[in-house]
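Here's the structure, in structure tokens; my notes come after.
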Amino acid sequence: MQTWEDYVRKVVPYTPGEQPNRPNMIKLNTNENPYPPAPGAARALRELDLDSLRRYPDPAAGVLVEAIGEYYGLPKQQVFVGVGSDDVLAMSFLTFFNSKKPVLFPDITYSFYDVWADLYRIPYECPPLDENFQILTEDYLRDCGGIVIPNPNAPTGVEKPLEELERIIAGNPEVIVIIDEAYIDFGGTSAVSLLPKYENLLVVQTFSKSRSLAGMRIGYAMGNEKLIRYLNDVKYSFNSYTMDVTALAAGVEALKDDTYFRETLQKIINTRERTKRELHRLGFVFADSKSNFIFASHPKCPAKEIFEALKKEDIYVRYFQKPRIDNYLRISIGTDQEMDVLLGFLEDYLK
Ligand code: PMP
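The following block contains the structure:
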């Protein structure tokens, strides 16, 4: 006999990193920024006219779209915003991946891509990274329904040179190529400069990492006008008011303070480079990272053991029980003091 359950859209959901809230914990498990948002963003929230909350926000998120456009030198018609880049990516999958051919993304990558593909019943294939965690350009020069490449990749942190990405974009003019640049500000080279050349390119970024606003949920996409129009058509068929009044206010102010932005990034990059040296000294191995995390393995001690031992100390890193990467830890870059505690513990633990 058939039941209502036969008609349920069944999915295996994405598992976000833990969000523990313990006093004095060191939280290096979700690639959050260890520094506060720009002072202007905090001020905008403190000074928010609460009466404005009676009204719906601007469905076009005009002030934020324009501010992002201005920052990158793009007209507002080339910018789309959403509730974190997760929302932007989910909308993009729904809008652009409607082919019977498989969408391509790497086997080791952001673990939300296959969840969206399954949710929307999009066929996909995952070309494997090589043994050094490199994305192989040739794997993406073939007939397909679309392409998603995070640059730098997550959770590996590895950056793919822009010339190689351009070969993939140029080689696939009949499908949309999404470059997910969640971590690009930590030292990578953005594909935004390629936008005037390729109408099949969509670049997705976020305020969650480099702008310290993960809790606010602001993501955006940049592409040619036609792509952005199609994205907005789908968005308006789903939820018109995605960006709330607080996100609009804080987002615009965060963009204005470029000095604070650059100083914060530089601090994180310096801490990352120092952490790389220290981890190497302790015997860890890892591919070079251009992001705000390091994906490391220790030849003498299983990652899962280190993960559990760190957790007992209230130091949280990310561990994925998945093929090929189950002996790795993804360690987000915190403040220098936080990294010192982590490194001090590891030094004793691995003795
Ligand atoms: N893309 C990648 C590669 C990520 O690691 C993340 C963070 N989990 C996101 C997108 C989504 O980030 P957010 O929704 O906070 O913008």
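Following my numbering, the residues of the sequence shown are numbered contiguously, the last one being 1233.
For every residue, glycine included, the Cβ atom is placed at its ideal position computed from N, Cα and C.
Source: prediction; values computed, not measured.
Taken in chain order, the unbroken stretches of beta strand (DSSP E) that lie wholly in the region 1079 to 1106 and span 3 residues or more are 1083 to 1088 and 1101 to 1104. As the crow flies, the alpha-carbon of S1179 is around 23 Å from that of C1008. The ligand PMP approaches P1032 closely enough that one of its heavy atoms is under 8 Å from the residue's Cβ. Per DSSP, reduced to three states, the secondary structure at G944 is helical. Going by beta carbons, I1060 and L1076 fall outside the 9 Å limit.
Nearest neighbour of N911 by Cα position, chosen from E1220, E1229 and D1230, turns out to be E1220. A residue is called buried once 16 or more other Cβ atoms fall within 10 Å of its Cβ, and P919 is buried on that count. Only buried fits Y1022, as 16 or more other CB atoms lie within 10 angstroms of its CB. Per DSSP, reduced to three states, the secondary structure at L1001 is helical.
Taking the Cα of I1029 as reference, the smallest distance to any Cα among D989, N1014, A926 and D1012 is reached at D989. For Y1210, the shortest separation between its Cβ and any heavy atom of the ligand PMP does not lie below 8 Å.
Taking a contact to require three or more Cβ pairs closer than 8 Å, the region 1028 to 1047 and the region 985 to 1000 qualify as touching. A residue is called buried once 16 or more other Cβ atoms fall within 10 Å of its Cβ, and W998 is buried on that count. Selection N1209, A923, D933 and E929 evaluated against L946 yields A923 as nearest (Cα-Cα). Counting only residues of its own chain and dropping the five nearest sequence neighbours on each side, T1153 has a CB closer than 8 Å to the CB of I1215, G1216, T1217, D1218 and M1221. In this structure, T1157 is the residue among T1157, D1208 and Y1142 with its C-alpha nearest to the C-alpha of E1229.
Beyond the five residues adjoining it in sequence on each side, M1104 comes within less than 7 Å, by CB distance, of Y954, L956, Q960, V961, V1074, L1077 and V1085 in the same chain, given in chain order. Straight across, the Cα-Cα distance linking F1202 with F1068 is about 23 Å.
Spanning the alpha carbons of P905 and E914 requires a straight line of approximately 17 Å. Per DSSP, the continuous alpha helix (DSSP H) segment holding G966 begins and ends at G966 to F978. L1232 places its beta carbon less than 9 Å from that of L1164. Going by beta carbons, Y1123 and V963 fall outside the 9 Å limit.
Within its own chain, the residues whose Cβ lies closer than 6 Å to the Cβ of F994, once the five positions on either side in sequence are excluded, are Y896, listed in chain order. Remark: the shortest separation between the CB of S967 and any heavy atom of the ligand PMP falls under 8 Å. Going by beta carbons, L976 and Y1002 fall inside the 9 Å limit. Placement of the Cβ of V1086 at a distance of less than 8 Å from at least one heavy atom of the ligand PMP is found.
Relative to the ligand PMP, the nearest heavy atom lies less than 8 Å away from the CB of F1089. The nearest non-hydrogen atom of the ligand PMP is less than 8 Å from the C-beta of Y992.
When only Cα atoms are considered, E929 and I908 end up about 31 Å apart.
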